[in-house]
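Undergrad: Here's a structure for you.
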Amino acid sequence: MALTWRISLRDDSPAGPEDFFGTSLGVIFPDDITNQHGDAESSLVYTSPHLPKPLLIDLADPKEEGDRELFSHNLWNASLLLAEFVEADSLGVPLDRPREQQEALSFDVKGLDTLELGAGTALPSIMSGLFGARRVVVTDYPAEPVLKALRTNVERGIKQDNSPKGSTATLSSSILVEGHAWGELADSFSVGNQHSFDRIILADCLWMPWQHVNLHLSIAHFLRKTPQARCWVVAGFHTGREKMKGFYEAEALRKVGLSVEYIWERDCNGEERAWETDREDDITIRKRWLVVASLKWIETP
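Okay, so the sequence shown: first residue is 1 according to this note's numbering, each after it adds one.
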């Protein structure tokens, strides 16, 4: 089943010719798939067979052009994939199609402290909160429209009555939404949370290569200094492979003490293939694919 089947507009009845066309793309062009979802005027609905009811997701309405250029006012397929991985491993239920390193790499969040960088809509964090994370911290660029949408989604989403039977939602006292600009680590939030998180989540944060160094700095700052700590990174290829690949370069990661544990590619139907830095796909095909990676410390005390 396609990755995007779980997401829909709150009012899913097309209003005009453009909307009818947009909702029919998968029929007209079977190889095409929507990789970004929603806008400020249309809330999204996320439906999972393992949740007691659908989740309502608001999108930010940034007013400043610089804020809009961050594209945090859409939900991207990387968030959908991470949400499914967290759900499957935390509940112990199978994915529709098995995952690379299914046994060696777990996305179970129960009892862990999680941090999401560049959260956008916070869907992976909301799922972490519903499936038993001990602490959930959600961050994005410190623009108030972005943070307002995050607060709404997190407060409405992470509630016990949204959790499946047998799961315990994260307590509201252990949930935080905070502004964070990558690489800026001298503020009180950053200083107070250094090496505090067992899992760091990144969903579609790699399309700005000039920010990769800052991302590395933030990951290394917040990731707990234990052999078990991991950073999960999922990103789509819609802006091109060239812009993303530098993030994973071994030498760049080594400068902050990190390394790639696993990395592979998965498409929206669950097909998988090896990660390659120079594969050429046309734009329709590359929209279907995402790269999935797990980062860890090279050494820990």
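Backbone N, C-alpha and C fix where the C-beta goes; we use that ideal spot for every residue, glycine too.
I'd like to know whether the C-beta atoms of residue 261 and residue 100 end up nearer to each other than 8 Å.
TA: Cβ atoms of residue 261 and residue 100: not closer than 8 Å.
Undergrad: Are residue 303 and residue 297 touching if we call contact CB-CB under 8 Å?
TA: Summary: the structure shown does not reach residue 303, with the chain confined to residues 1 through 301, and so no result is reported for it.
Undergrad: Got a sec, what are the start and stop residues for the beta strand (DSSP E) residue 282 sits in?
TA: Note, residue 282: premise wrong, no beta strand (DSSP E); not H, not E.
Undergrad: How big is the Cα-Cα spacing for residue 195 and residue 59?
TA: About 30 Å.
Undergrad: Using DSSP with H/G/I as helix, E/B as strand and the rest coil, what is residue 96?
TA: Three-state DSSP puts residue 96 in coil, outside helix and strand.
Undergrad: Using the three-state DSSP reduction, which class does residue 235 fall into: helix, strand or coil?
TA: Reduced to three states, the DSSP call for residue 235 is strand.
Undergrad: Alpha carbon to alpha carbon, what distance is there between residue 301 and residue 2?
TA: Their Cα atoms are separated by approximately 42 Å.
Undergrad: When you compare the segment 232-243 with the segment 186-204, are there three or more beta-carbon pairs, one atom per stretch, that lie closer than 8 Å?
TA: Yes, the segment 232-243 is in contact with the segment 186-204.
Undergrad: In angstroms, rounded to a whole number, what distance separates the CA positions of residue 221 and residue 52?
TA: Going by the C-alpha atoms only, they are around 36 Å apart.
Undergrad: Return the Cβ separation of residue 6 and residue 43 in integer angstroms, given the expectation that the two are a contact with Cβ distance under 8 Å.
TA: At roughly 15 Å, the Cβ-Cβ gap does not stay under 8 Å, so residue 6 and residue 43 are not in contact.
Undergrad: When you compare the CB positions of residue 292 and residue 254, do they come within less than 8 Å of one another, or not?
TA: Cβ distance not < 8 Å, so residue 292 and residue 254 don't count as in contact.
Undergrad: Could you say which of 281, 158 and 207 lies nearest to residue 245 if we only look at CA atoms?
TA: Ranking 281, 158 and 207 by Cα distance to residue 245 puts 207 first.
Undergrad: Assuming residue 240 and residue 76 are in contact, meaning their beta carbons sit under 8 Å apart, how far apart are those beta carbons, in whole angstroms?
TA: Contact doesn't hold; Cβ gap of about 15 Å is too wide.
Undergrad: Tell me the rounded alpha-carbon separation between residue 225 and residue 116.
TA: Computed Cα separation, rounded: 17 Å.
Undergrad: Using the rule of at least 16 other Cβ atoms within 10 Å of the residue's Cβ for burial, across every protein chain shown, is residue 27 buried or exposed?
TA: With a pLDDT of 39 at residue 27, under the threshold of 50, the modelled position of this residue cannot be trusted; read the value that follows with caution. Flag for residue 27 reads exposed.
Undergrad: Mark residue 158 as exposed unless 16 or more other C-beta atoms lie within 10 angstroms of its C-beta, in which case mark it buried.
TA: The residue in question, residue 158, is buried, as its Cβ has 16 or more Cβ neighbours within 10 Å.
Undergrad: Could you check the C-alpha separation between residue 9 and residue 259 for me, to the nearest Å?
TA: Those two C-alpha atoms are separated by around 38 Å.
Undergrad: Please name the residue in 215, 130 and 154 whose C-alpha comes closest to that of residue 177.
TA: Measuring from the Cα of residue 177, the nearest candidate turns out to be 154.
Undergrad: Can you tell me which of 161, 146, 105 and 182 puts its alpha carbon nearest to the alpha carbon of residue 129?
TA: Nearest C-alpha to residue 129: 161.
Undergrad: Nearest-angstrom Cα distance between residue 103 and residue 92?
TA: So the alpha carbons of these two residues sit roughly 12 Å apart.
Undergrad: Between the Cα of residue 34 and those of 249, 285, 214 and 88, spot the shortest distance and give me the residue it belongs to.
TA: Nearest of 249, 285, 214 and 88 to residue 34, Cα basis: 285.
Undergrad: Assuming the contact rule is C-beta atoms closer than 8 Å, residue 135 and residue 170 should be a hit. Round their C-beta distance to whole Å, please.
TA: Yes, they are in contact, since the Cβ atoms of residue 135 and residue 170 sit about 7 Å apart, within 8 Å.
Undergrad: By the three-class DSSP mapping on this structure, what secondary structure does residue 155 have?
TA: Here residue 155 sits in helix by DSSP.
Undergrad: Which same chain residues, not among the five before or five after residue 191, have their C-beta less than 8 Å away from its C-beta?
TA: Closer than 8 Å at Cβ, skipping near neighbours: 185.
Undergrad: State the DSSP-derived secondary structure class of residue 13, mapped to helix, strand or coil.
TA: Caution is warranted here: a pLDDT of 43 is assigned to residue 13, below 50, making its placement in the model unreliable, and the coordinate value is therefore given only provisionally. Reduced to three states, the DSSP call for residue 13 is coil.
Undergrad: On a Cα-Cα basis, can you pick out the residue from 85, 188, 45 and 96 that is closest to residue 74?
TA: Comparing Cα positions, the closest option is 45.
Undergrad: Using 10 angstroms around the beta-carbon of residue 250, count the other beta-carbons present and answer buried if the total reaches 16, otherwise exposed.
TA: Answer is exposed; the Cβ neighbour count stays below 16.
Undergrad: If you drop the 5 nearest sequence neighbours on each side, which residues of the same chain put their C-beta closer than 7 Å to that of residue 83?
TA: Same-chain partners within the cutoff: 123, 124 and 127.
Undergrad: Check residue 264 in the structure and name its three-state DSSP category.
TA: The answer is strand: DSSP assigns residue 264 an E or B state.
Undergrad: In the structure shown, what three-state DSSP assignment does residue 316 receive?
TA: Since the first residue of the chain shown is 1 and the last is 301, residue 316 is not available in this structure.
Undergrad: Measuring alpha carbon to alpha carbon, tell me which residue in 39, 50 and 4 is nearest residue 120.
TA: That would be 39, whose Cα lies nearest to the Cα of residue 120.
Undergrad: Going by other Cβ atoms of all chains shown within 10 Å of its Cβ, with 16 needed for buried, is residue 333 buried or exposed?
TA: Past the boundaries of the shown model lies residue 333; the chain is included only from 1 to 301, so the question cannot be answered.
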